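Residue numbers (full-length UniProt numbering), protein chains in the order written: chain E, 1 to 340; chain X, 1 to 340.
The C-beta atom is built at its ideal place from N, Cα and C for all residues, glycine as well.
Here the structure is a predicted model, which is why all the values come from computation and not from measurement.
Working notes for the structure below.
Protein chains: 2
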Amino acid sequence: MSKEKSSNNKKISLAEVARAAGVSKMTASRVLRDQGGFSESTRQKVMAEVERLGYLPNRMATAFAAGESSPFIGVSIPDLRNEAFAQILEGIDHKLGTFGHQTVLGLSRHLPEEEEKWIEKILSWQPAGLILTGRVHSPRAITMLKNAAIPVVEMWDLNSSPLDMCVGLNHFDSGYQMGRFLIEKGHRKLGYVGTDHGVANAAQSRWKGFAKAVQDGGGEVCDHHCLNDVPDFYPGYYGTEQLLNAHPGVQAIFFQNDNMAVGGYEFCEGHGLRIPDDIGIVGWGALPVLSVFRKKLTTVKVRHVRLGQLAAEKLLSTLHGSAVQPVSDVGYLTVPGATA
Amino acid sequence: MSKEKSSNNKKISLAEVARAAGVSKMTASRVLRDQGGFSESTRQKVMAEVERLGYLPNRMATAFAAGESSPFIGVSIPDLRNEAFAQILEGIDHKLGTFGHQTVLGLSRHLPEEEEKWIEKILSWQPAGLILTGRVHSPRAITMLKNAAIPVVEMWDLNSSPLDMCVGLNHFDSGYQMGRFLIEKGHRKLGYVGTDHGVANAAQSRWKGFAKAVQDGGGEVCDHHCLNDVPDFYPGYYGTEQLLNAHPGVQAIFFQNDNMAVGGYEFCEGHGLRIPDDIGIVGWGALPVLSVFRKKLTTVKVRHVRLGQLAAEKLLSTLHGSAVQPVSDVGYLTVPGATA
DNA sequence: AACCATTGCGTTACCCGTAACGTAGTCTTA
DNA sequence: TAAGACTACGTTACGGGTAACGCAATGGTT
Numbered sequence: 001m002s003k004e005k006s007s008n009n010k011k012i013s014l015a016e017v018a019r020a021a022g023v024s025k026m027t028a029s030r031v032l033r034d035q036g037g038f039s040e041s042t043r044q045k046v047m048a049e050v051e052r053l054g055y056l057p058n059r060m061a062t063a064f065a066a067g068e069s070s071p072f073i074g075v076s077i078p079d080l081r082n083e084a085f086a087q088i089l090e091g092i093d094h095k096l097g098t099f100g101h102q103t104v105l106g107l108s109r110h111l112p113e114e115e116e117k118w119i120e121k122i123l124s125w126q127p128a129g130l131i132l133t134g135r136v137h138s139p140r141a142i143t144m145l146k147n148a149a150i151p152v153v154e155m156w157d158l159n160s161s162p163l164d165m166c167v168g169l170n171h172f173d174s175g176y177q178m179g180r181f182l183i184e185k186g187h188r189k190l191g192y193v194g195t196d197h198g199v200a201n202a203a204q205s206r207w208k209g210f211a212k213a214v215q216d217g218g219g220e221v222c223d224h225h226c227l228n229d230v231p232d233f234y235p236g237y238y239g240t241e242q243l244l245n246a247h248p249g250v251q252a253i254f255f256q257n258d259n260m261a262v263g264g265y266e267f268c269e270g271h272g273l274r275i276p277d278d279i280g281i282v283g284w285g286a287l288p289v290l291s292v293f294r295k296k297l298t299t300v301k302v303r304h305v306r307l308g309q310l311a312a313e314k315l316l317s318t319l320h321g322s323a324v325q326p327v328s329d330v331g332y333l334t335v336p337g338a339t340a
Numbered sequence: 001m002s003k004e005k006s007s008n009n010k011k012i013s014l015a016e017v018a019r020a021a022g023v024s025k026m027t028a029s030r031v032l033r034d035q036g037g038f039s040e041s042t043r044q045k046v047m048a049e050v051e052r053l054g055y056l057p058n059r060m061a062t063a064f065a066a067g068e069s070s071p072f073i074g075v076s077i078p079d080l081r082n083e084a085f086a087q088i089l090e091g092i093d094h095k096l097g098t099f100g101h102q103t104v105l106g107l108s109r110h111l112p113e114e115e116e117k118w119i120e121k122i123l124s125w126q127p128a129g130l131i132l133t134g135r136v137h138s139p140r141a142i143t144m145l146k147n148a149a150i151p152v153v154e155m156w157d158l159n160s161s162p163l164d165m166c167v168g169l170n171h172f173d174s175g176y177q178m179g180r181f182l183i184e185k186g187h188r189k190l191g192y193v194g195t196d197h198g199v200a201n202a203a204q205s206r207w208k209g210f211a212k213a214v215q216d217g218g219g220e221v222c223d224h225h226c227l228n229d230v231p232d233f234y235p236g237y238y239g240t241e242q243l244l245n246a247h248p249g250v251q252a253i254f255f256q257n258d259n260m261a262v263g264g265y266e267f268c269e270g271h272g273l274r275i276p277d278d279i280g281i282v283g284w285g286a287l288p289v290l291s292v293f294r295k296k297l298t299t300v301k302v303r304h305v306r307l308g309q310l311a312a313e314k315l316l317s318t319l320h321g322s323a324v325q326p327v328s329d330v331g332y333l334t335v336p337g338a339t340a
């Protein structure tokens with residue numbers, strides 16, 4: 001509460017508690033940490049003043065004094081509209097919270113320069129570690145991370161030579177698998193609808209994997225990338241419209257994720273296309289919307305929450321001094337449905 | 001990166017830079033802050049060592065020394081699967097980041113005791129302020145907040161006598177409006193489908209407002225609450241099934257939010273009910289899924305991102321010493337569609 | 001009764017920066 | 001040429017805790 005309104009208009013320090021209780025700071029400190037070396041009567045005096053004054057310990061000072069690291073773990077995420085990242089963040093935060101750490105959020109809006117600015121700021125506030133999304137970071141960011149000497153986990157995209165540690169899945173492969181799947185269904189003219197932030201990211205890897213599979217299978221790929229938009233329902237809708245206008249005769253479309261796929265599905269069905277007879281629709285991610293969608297969508301299942309938990313676990317193990325496997329693959333599962 | 005791998009295996013302090021440059025800590029500090037009072041040759045010596053040693057300033061020590069508050073703002077959110085909260089958090093983080101603050105996340109999973117535990121932890125790490133969701137907090141949490149003497153914004157649910165400051169909308173009224181809307185359409189047997197975490201929250205206010213309007217209009221209300229589930233597509237689906245099994249003949253259903261409404265819509269349509277002729281479907285929140293939904297859903301539009309921004313602005317203004325209106329109403333808009 | 005261990009505290013130094021103040025040397029100016 | 005202003009630093013103290021150490025009083029042992 002703001003100062004004007006609260007009963008205590010300044011923070012109470014341990015020294016004030018100690019003075020009020022008629023003991024030294026050190027004795028008060030020992031009582032509060034229940035570390036022994038004090039009498040019962042002293043304990044009561046100190047605790048009575050703690051209660052009366054509403055003392056709240058300042059752990060920042062403690063950590064500062066002891067040379068400990070802070071409880072803060074910086075977590076950089078491109079955006080939260082994307083349910084995949086929201087789920088990953090839930091997994092991370094839950095695991096970190098269980099071990100007494102605090103999640104400090106950084107939303108990069110898919111821009112490496114935003115991530116760089118955030119990394120510089122957060123590093124100056126002494127986080128114990130960082131979790132970043134993806135494998136692409138600005139050169140200056142990489143230098144700063146090297147100097148910071150704290151553990152870093154790159155998650156989402158698998159990276160065989162990470163800065164430090166990595167948890168993710170092979171997006172290229174998952175795209176390639178889906179491309180093969182559609183080729184084997186007999187399709188040859190295939191589309192892709194996604195977003196584009198001018199940056200190499202995991203979605204782009206999926207698209208490249210997909211394109212490679214289609215080319216390897218003798219097919220043709222047409223793509224439409226919505227510039228600087230979020231991969232959600234509506235971009236899926238208008239992206240499909242633009243793709244089909246530019247490339248009539250596409251037999252199936254692979255979408256960046258399930259929300260976009262649902263948007264594309266709605267566009268197709270709303271314009272008289274039968275699915276999957278006239279056009280196939282394929283998503284990615286197994287997002288919540290699929291649980292009630294009227295047709296079982298062909299998609300790729302990813303355990304987002306688990307991915308977040310694993311990223312947090314790797315960081316926590318390192319912080320607590322355990323040896324850690326630097327790279328973990330959480331995998332994916334291609335799930336054939338009724339839409340392709 | 002972890003210590004074993006990085007070039008510098010410990011953090012470089014200002015004192016080390018100063019020693020290497022052959023000056024005092026204070027001179028190095030002045031150079032780094034470009035605060036004047038040093039010669040060009042000294043500047044070059046210091047900056048050369050900063051570069052060579054990879055020095056990163058420790059702002060925590062600075063803040064500590066200057067008696068400043070930390071940049072950390074604690075933000076407590078029930079869950080991130082709910083897109084409304086994800087959008088609010090984006091609004092908060094973007095605004096806070098613009099002003100050099102850092103968002104520290106706390107996910108309460110709709111449990112006041114989780115919120116209490118998180119508040120205790122975060123307060124001991126000296127945040128500059130807090131943003132909490134809703135108006136219900138545990139008594140101990142309230143005491144701790146009073147003692148902390150930092151600004152607190154309660155957001156989401158409007159609260160005429162907040163702990164400190166408040167930004168939100170009148171959920172009860174928005175539910176009441178929707179109840180009247182359905183009564184005026186001529187419906188009398190009305191349903192509600194939502195979730196229940198055993199806590200008085202904003203969704204419960206909407207439900208109470210809705211029930212009051214229906215009763216005032218001479219109607220009958222039937223409800224189904226999914227226990228401890230997230231208000232997403234699938235709970236909307238199965239909640240509708242359970243409601244309709246228990247109460248056949250319901251003429252329209254008000255859902256806790258749009259995602260649940262879409263789940264309910266899918267259930268109804270999948271079971272041969274025509275919408276809105278056999279049953280009306282009404283959502284809340286104007287969530288992204290509506291942009292492509294095949295029928296225009298009757299809903300309530302809420303500016304979630306704006307709400308988050310306003311909450312952050314209130315906190316920032318208080319922190320920078322400006323006078324602030326303690327309570328702001330961001331309002332809502334009932335949007336009639338084609339589903340009721 | 002002298003000795004020693006234990007108990008229960010206090011004192012000092014330190015963590016990493018910055019504010020406030022001190023000071024030696026240079027430059028003006030009357 | 002001496003007083004005063006200015007430049008370019010250094011020194012000290014401080015913030016909120018804790019580690020390490022010191023020490024007086026108490027109790028038990030021989």
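- When Cβ-Cβ separations below 8 Å define contact, Ser-291 (chain E) makes contact with chain X.
- Counting other Cβ atoms within 10 Å of its Cβ, Leu-14 (chain E) reaches 16 or more and is therefore classed as buried.
- Of all residues in the stretch 203-237 of chain X, only Asp-232, Phe-233, Tyr-234, Gly-236 and Tyr-237 place a beta-carbon less than 8 Å from a beta-carbon of chain E.
- Contact fails between the stretch 327-339 of chain E and the stretch 15-35 of chain X, because fewer than three Cβ pairs, one in each stretch, are under 8 Å apart.
- The alpha-carbon separation between Ser-205 (chain E) and Gly-134 (chain E) amounts to approximately 11 Å.
- Shown here, Gln-102 (chain E) sits in a strand according to DSSP, grouped into three states.
- Here the alpha carbons of Ala-149 (chain E) and Ser-76 (chain X) stand approximately 30 Å from one another.
- For Gly-194 (chain E), the uninterrupted beta strand (DSSP E) run begins and ends at 189-196, by DSSP.
- Interface residue (Cβ-Cβ distance to chain E less than 8 Å): Gln-44 (chain X) is not classified as such.
- Using a CB distance below 8 Å, the part of the stretch 94-116 of chain E facing chain X consists of His-94, Gly-97, Gly-100, Gln-102, Thr-103, Val-104, Leu-105, Gly-106 and Leu-107, ordered along the chain.
- Close partners of Pro-57 (chain E) in chain X (Cβ separation under 8 Å): Ser-124.
- The residues Lys-189, Leu-190, Gly-191, Cys-222, Leu-243, Leu-244 and Ile-279, in chain order, have a CB closer than 8 Å to that of Val-250 (chain E) in the same chain once the five nearest residues on each side in sequence are set aside.
- The three-state secondary structure of Gly-270 (chain X), taken from DSSP, is helix.
- By the neighbour-count definition (other C-beta atoms within 10 Å, threshold 16), Met-165 (chain X) is a buried residue.
- The secondary-structure analysis by DSSP pairs Val-214 (chain E) with nothing; it has no beta-bridge partner.
- In terms of beta-carbon proximity, Val-300 (chain X) stays away from the interface with chain E, with every pair separated by 8 Å or more.
- Put simply, of E:Gly-321, E:His-271 and E:Gly-337 the residue whose alpha carbon is nearest the alpha carbon of Thr-299 (chain E) is E:Gly-337.
- Considering only beta carbons, the part of the stretch 157-171 of chain E lying closer than 7 Å to chain X consists of Leu-163 and Asp-164, in chain order.
- Listed by position along chain X, the residues whose Cβ is nearer than 7 Å to that of Ala-86 (chain E) are Leu-80, Arg-81 and Ala-86.
- Secondary structure within the stretch 126-195 of chain E: the beta strand (DSSP E) runs of 3 or more consecutive residues, fully enclosed, are 129-133, 152-157 and 165-169 (chain order).
- Residues Ile-281 of the same chain have their beta carbon placed closer than 6 Å to that of Tyr-265 (chain X), with the five preceding and five following residues left out of the count.
- DSSP places Ser-108 (chain X) outside both helix and strand once states are collapsed to three, so it counts as coil.
- Judged by pairs of C-beta atoms under 8 Å, the stretch 156-164 of chain X touches the stretch 310-327 of chain X, as three or more such pairs exist.
- Note that the C-beta distance between His-197 (chain X) and Leu-111 (chain X) is below 8 Å.
- Beyond the five residues adjoining it in sequence on each side, Pro-326 (chain X) comes within less than 6 Å, by CB distance, of Met-165 in the same chain, given in chain order.
- Under the Cβ criterion (8 Å, minimum of three pairs), the stretch 39-49 of chain X does not count as touching the stretch 63-71 of chain X.
- For Gly-270 (chain X), the chain E residues whose Cβ falls inside 7 Å of its Cβ are Arg-294, in order along the chain.
- Looking from the CA of Met-155 (chain X), the closest CA among X:Val-335, X:Ala-323, X:Thr-339 and X:Ala-311 belongs to X:Ala-311.
- Secondary structure at Glu-68 (chain E): coil, using DSSP grouped into helix, strand and coil.
- Secondary structure in the stretch 216-294 of chain E: the alpha helix (DSSP H) runs of 4 residues or longer, each lying completely within the stretch, are 233-246 and 258-270 in chain order.
- A check of alpha carbon separations from Met-260 (chain X) across X:Glu-83, X:Gly-218, X:Leu-89 and X:Arg-140 identifies X:Glu-83 as the nearest.
- In this structure, the CA atom of Ala-246 (chain E) is about 15 Å from the CA atom of Cys-268 (chain E).
- Taking a 10 Å sphere around the C-beta of Met-178 (chain X), we find 16 or more other C-beta atoms and assign the residue as buried.
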